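In the UniProt record's numbering, the protein residues as written are 1 to 724. All residues carry an ideal CB built from backbone N, CA and C; glycine is no exception. Given the structure is predicted, the values throughout are model-derived calculations rather than measurements. Reviewing the structure listed below.
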């Protein structure tokens, strides 16, 4: 291979991969051996056969003869280095193309699609910051991971274990390029000797996270169909995608619950179990037949039976040729026995990385013997834990084990293998990043609209409850205004109060509702967005388009009842309806803005009154705009209360010529009202600093505010997505 030939992630060749894997110490695993046999170059296989033609017998004798095995491994390492110096063909990663339907839809991975994944000298540290606004100086930099290296091969399950705070979750996130916004990260990630980028890793891998997050109103089948729509390549037809969904339902044993709701918001309908949710998470990730699968503590929160069934799923995926890397917390002895490779960590360092079956023997040689009938996983955690009562002694013990491993044959072979990966990497050019999205913008948008609409339709009773609740609220408020004479000053003032109350109810109910509904789904958005399923703008736009009409239904029900009880003219109602629709769009957009920026619902609900009340005071009812200090008057132009109230009152009092004034004793008459006779609508509005004839301008201003709020919300959500 010439140095000028770029090694990208779109062309495949398996030559040379077997030599890289020959240094593996896990030949005792039948699953690993089968995968290696599949990847062996035919010429190498022919060479391996002796004169009798019985390669398997020769391999068995080598295993029985320890010295012979060591010599053979040395020869393989030498051979590997020679291959890396003068390779006959590049080892590359396959990202399936649209016309390569066999690899996109196959359950068992082809040899060319299998991936060996390694990482070299991964170091993660916190960035120094300031304490108490700089009063106590900078916080020191803290290293979370310290030059961690490792490798996992096709057909293997690598389990990363360690006590709390050992760095296993940080390592997994770092390998996946996730949650690194506030960290300093260095190191190299390599897949089949090619440099890995975030977008390429998204295209090549799947990630089963610890928490199972789903849209509650979907069935198992509907959820998988949505995943297929946005995750499977656009070159595949719908029929081919649905066929893959059928395969995954059978493969992950979800056929019996395919029409069961994942969960119910009201808890009236029983959803699927915890183990079934975890299998559904695996099903989503294997839809695209990824070559590399990451799992974050997949057995957490499950009983022993469910946990074992989840591990069986991982074993099955590894048997198909996938490379599986998982963190795991306190596995049972049965689960531990199913792991091929084991990586033990303590305080951000690699303590052991090798065959899980050899770990006890290694610790025994280091002077730490596991008691009989004791779970090996618990023994390793206890041995590597830092005792708060005597941390120095614990660290010396861990240092001793780490040093022994580094000096061991397995440790030396690991370093040599990763070093060879890096040497081969130097021959290739850095891979150009490509978009992680498999389908077009339009397909993403249609799929998201379908999911949102299905979820809303499934929860139709919630919309009905909102309509009935709003109607009852309108009756309780509107009954206080029944019989008011709008031809008198006191009646006119009361009507103005009722119109402002209408705006206030619309504002607070819609803002709180939007925050409660939209903010929890942002967690699901982050997960799916980083899995390369859809863009920020498609998610945001689809959510707004589906949710806003639903909000209008319940608010119009409130308006109809409240308007009737106020006793106002139905001739002017169409204009009122338009103004209310513009108001609902504006205040809902304000809710979307807050929900997109804040981290949790509680924070959003706490901030809302602080942000809304000043806008409410500038609405024109409580304080006359004329009485405001000059420097505060421009602020009213960001108040949806002001525009909505001015539009409603302008529509109500236009063409009104005679409002009777009944002045009580000692009543102070304003400068614009010269007697206690009558006043027209324009004068009534002018007292509050409002203008007659601006109703359509105000309606347009409400829509402009809505667009402004949505833009701010979208930018805020995009920034949050980048930081993650």
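For this session: Could you tell me whether the segment 278 to 293 touches the segment 235 to 248, where touching means 3 or more Cβ pairs closer than 8 Å?
Result: yes
For this session: Determine the DSSP secondary structure at residue 652, reduced to helix, strand or coil.
Result: Here residue 652 refers to the residue found at position 652 when the chain shown is read from its first residue. Here residue 652 sits in helix by DSSP.
Problem set entry | Cross-strand partners of residue 341 (DSSP beta bridge) | As a first step, residue 341 must be located in the chain shown, where it is residue number 341. DSSP output for residue 341 lists 158, 355 as bridge partner(s).
Problem set entry | Option in 354, 533, 652, 219 with minimal Cα separation from residue 439 | Numbered from 1 along the chain shown, position 439 holds the residue referred to as residue 439. Per the Cα distances, 533.
Exercise. In this structure, does DSSP put residue 182 in helix, strand or coil?
Worked result: Numbered from 1 along the chain shown, position 182 holds the residue referred to as residue 182. DSSP places residue 182 in coil when its eight states are reduced to three.
Exercise. Fully enclosed by the segment 579 to 662, which beta strand (DSSP E) runs are 3 residues long or longer?
Worked result: none
Problem set entry | Close Cβ partners of residue 466 (< 7 Å) along its chain, the five nearest in sequence each way excluded | Translated into the one-based positions of the chain shown, residue 466 becomes position 466. Correct list, in chain order: 554.
For this session: Within the same chain, show all residues whose beta-carbon is closer than 7 Å to that of residue 499, passing over the 5 residues directly before and after it, in chain order.
Result: By 1-based counting over the chain shown, the position of residue 499 is 499. 645, 648, 649, 652.
Problem set entry | Chain-order list of residues whose beta-carbon lies under 6 Å from that of residue 277 (same chain, five-residue window excluded) | Here the question's residue 277 lines up with position 277 in the chain shown. Within the same chain, residue 277 has close Cβ partners 212.
For this session: For residue 543, count neighbouring C-beta atoms within 10 Å of its own C-beta (all shown protein chains included) and say buried if the count is 16 or more, exposed if not.
Result: The residue labelled residue 543 in the question sits at position 543 within the chain shown. With 16 or more Cβ atoms within 10 Å of its Cβ, residue 543 is classed as buried.
For this session: Between the Cα of residue 700 and those of 717, 311, 581, 629, spot the shortest distance and give me the residue it belongs to.
Result: Reading the chain shown from its first residue, position 700 is the one you call residue 700. Checking every option, the nearest Cα to that of residue 700 belongs to 581.
Problem set entry | Complete alpha helix (DSSP H) runs within the segment 265 to 332 (minimum length 4 residues, chain order) | 274 to 286, 304 to 319
Exercise. Roughly how many angstroms lie between the CA atoms of residue 364 and residue 370, to the nearest whole one?
Worked result: Residue numbering aside, residue 364 sits at position 364 when the chain shown is read from its first letter. Residue numbering aside, residue 370 sits at position 370 when the chain shown is read from its first letter. C-alpha separation (whole angstroms): 7 Å.
Exercise. Contact between the segment 683 to 693 and the segment 561 to 581: three or more CB pairs below 8 Å?
Worked result: no
Problem set entry | Contact set for residue 527: own chain, Cβ-Cβ below 7 Å, skip 5 residues either direction | Along the chain shown, read from residue 1 onward, the residue named residue 527 stands at position 527. Correct list, in chain order: 209, 213.
Exercise. Tell me, which residues are paired with residue 117 by DSSP?
Worked result: Along the chain shown, one-based indexing puts residue 117 at 117. In the DSSP output, where bridge partners are listed per residue, residue 117 has 152, 191.
For this session: Please check the pair residue 162 and residue 145, which I expect to be a contact at CB under 8 Å, by giving their CB distance rounded to whole angstroms.
Result: One-based indexing of the chain shown puts residue 162 at position 162. One-based indexing of the chain shown puts residue 145 at position 145. Actually they are not in contact, since the Cβ atoms of residue 162 and residue 145 sit about 11 Å apart, beyond 8 Å.
For this session: Please report the residue range of the alpha helix (DSSP H) in which residue 208 lies.
Result: Mapped onto the chain shown, residue 208 falls at position 208. Note, residue 208: premise wrong, no alpha helix (DSSP H); beta strand (DSSP E) at 205 to 208.
Exercise. Would residue 228 be called buried (16 or more neighbouring beta carbons within 10 Å of its own) or exposed?
Worked result: Looking up residue 228 in the chain shown gives position 228. Under this definition residue 228 is a buried residue.
Exercise. My guess is that residue 684 and residue 492 are in contact by the Cβ rule of under 8 Å, so how many angstroms apart are they, rounded?
Worked result: Indexing the chain shown from 1 puts residue 684 at position 684. Indexing the chain shown from 1 puts residue 492 at position 492. About 6 Å separates the two Cβ atoms, so the contact holds.
Exercise. If you follow the alpha helix (DSSP H) that residue 227 is part of, which residue opens it and which one closes it?
Worked result: Here residue 227 is taken as the residue at index 227 of the chain shown, counted from 1. Unbroken alpha helix (DSSP H) run through residue 227: 220 to 231.
Exercise. According to DSSP, is residue 427 helix, strand or coil?
Worked result: Taking the first residue of the chain shown as position 1, residue 427 is located at position 427. Its pLDDT being 48, under 50, residue 427 is placed unreliably in this model, and the coordinates cannot settle the point.
Exercise. According to the Cβ coordinates, are residue 158 and residue 325 closer than 9 Å?
Worked result: As a first step, residue 158 must be located in the chain shown, where it is residue number 158. As a first step, residue 325 must be located in the chain shown, where it is residue number 325. Yes, these two residues count as a Cβ contact at 9 Å.
For this session: Since I believe residue 639 is in contact with residue 713 (beta carbons under 8 Å), could you give me their beta-carbon distance rounded to a whole number of angstroms?
Result: Residue numbering aside, residue 713 sits at position 713 when the chain shown is read from its first letter. Residue numbering aside, residue 639 sits at position 639 when the chain shown is read from its first letter. In fact, because the Cβ distance is near 18 Å, the residues do not count as touching under 8 Å.
For this session: Grab me the residues of residue 342's own chain with a C-beta within less than 6 Å of its C-beta, minus the 5 sequence neighbours each way, in chain order.
Result: What you label residue 342 is simply residue 342 of the chain shown in a count that begins at 1. These residues qualify, in order along the chain: 159, 356, 359.
Exercise. Apart from the five residues just before and just after residue 281, which ones in its own chain have a Cβ nearer than 6 Å to its Cβ?
Worked result: Counting from one through the chain shown, the residue named residue 281 turns up at place 281. Within the same chain, residue 281 has close Cβ partners 208, 212.
For this session: Under 8 Å Cβ to Cβ from residue 600, same chain only, skipping five residues before and after it: list those, please.
Result: For the purposes of this step, residue 600 is taken as the residue at position 600 of the chain shown. So the list reads 519, once near-sequence residues are dropped.
Problem set entry | Three CB pairs or more closer than 8 Å across the segment 545 to 561 and the segment 610 to 624 | no
For this session: Count the other C-beta atoms from every protein chain shown that fall within 10 angstroms of the C-beta of residue 585, then say buried if there are 16 or more, exposed otherwise.
Result: Within the chain shown, residue 585 is the residue found at index 585, counting from 1. Looking at its Cβ environment, which holds 16 or more other Cβ atoms inside 10 Å, residue 585 is buried.
Problem set entry | Continuous alpha helix (DSSP H) stretch holding residue 698: start and end | Taking the first residue of the chain shown as 1, we reach residue 698 at position 698. 695 to 723 is the extent of the alpha helix (DSSP H) around residue 698.
Problem set entry | Bridge partners - residue 122, DSSP secondary structure assignment | As a first step, residue 122 must be located in the chain shown, where it is residue number 122. According to DSSP, residue 122 bridges with 148.
Problem set entry | Other residues of its chain near residue 721: CB distance less than 7 Å, five sequence neighbours each side excluded | Sequence index remark: in the chain shown, residue 721 carries index 721 (1-based). Excluding residues within five positions, the ones whose Cβ falls inside 7 Å are 526, 529, 536.
Exercise. Taking the Cβ atom as the reference point for each residue, do residue 257 and residue 310 lie within a distance shorter than 9 Å?
Worked result: Stepping through the chain shown from its first residue, residue 257 is reached at position 257. Stepping through the chain shown from its first residue, residue 310 is reached at position 310. No. Outside cutoff.
Problem set entry | DSSP three-state assignment for residue 95, whether helix, strand or coil | The residue labelled residue 95 in the question sits at position 95 within the chain shown. Only weak support exists for where residue 95 lies, its pLDDT of 42 falling under 50; the value from the coordinates is given anyway. Three-state result, residue 95: coil.
Exercise. Would you call the CB atoms of residue 284 and residue 206 closer than 9 Å?
Worked result: The count along the chain shown starts at 1 and reaches residue 284 at position 284. The count along the chain shown starts at 1 and reaches residue 206 at position 206. It is a contact, given that the beta carbons lie within the stated cut-off.
Exercise. Excluding sequence positions up to five away, which residues of its chain have a Cβ less than 7 Å from the Cβ of residue 448?
Worked result: Residue mapping note: residue 448 aligns to position 448 of the chain shown, counting from 1. Hits under 7 Å: 534, 538, 539, 542.
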